[in-house]
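Contents: one structure, followed by commentary.
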Amino acid sequence: MHEHELFLKEKEEIDMLLQNDCKIVSVKENLSGAFVSFQLADQTDEERITTLHLLTPDARIYLTNQLSTKKMEESRT
37 MHEHELFLKE KEEIDMLLQN DCKIVSVKEN LSGAFVSFQL ADQTDEERIT TLHLLTPDAR
97 IYLTNQLSTK KMEESRT
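Numbers given in this note's numbering equal positions in the sequence shown, counted from 1, plus 36.
In structure tokens form, the structure reads like this:
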């Protein structure tokens, strides 16, 4: 159950960043998980970058699905 709770926390953080119009500026994966750096869409200041460490595979899959859905919606308009 602990891993599921961790996934829910990571999912909530992903949703919050995407709802705040953050864009992904980098993704680095290693054996410790994925480090995803977000930046507000209208910001260029490097200090405004937020890095999220995704530990669970489910969170990485969720992020990929959210990005795919967003990309498909953008291509329709």
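Backbone N, C-alpha and C fix where the C-beta goes; we use that ideal spot for every residue, glycine too.
In this structure, L99 is the residue among L99, M108 and T113 with its C-alpha nearest to the C-alpha of M52. Secondary structure at L103: helix, using DSSP grouped into helix, strand and coil. DSSP places Q75 within a strand segment (E or B) once states are collapsed to three. In this structure, the CA atom of E110 is about 32 Å from the CA atom of S68.
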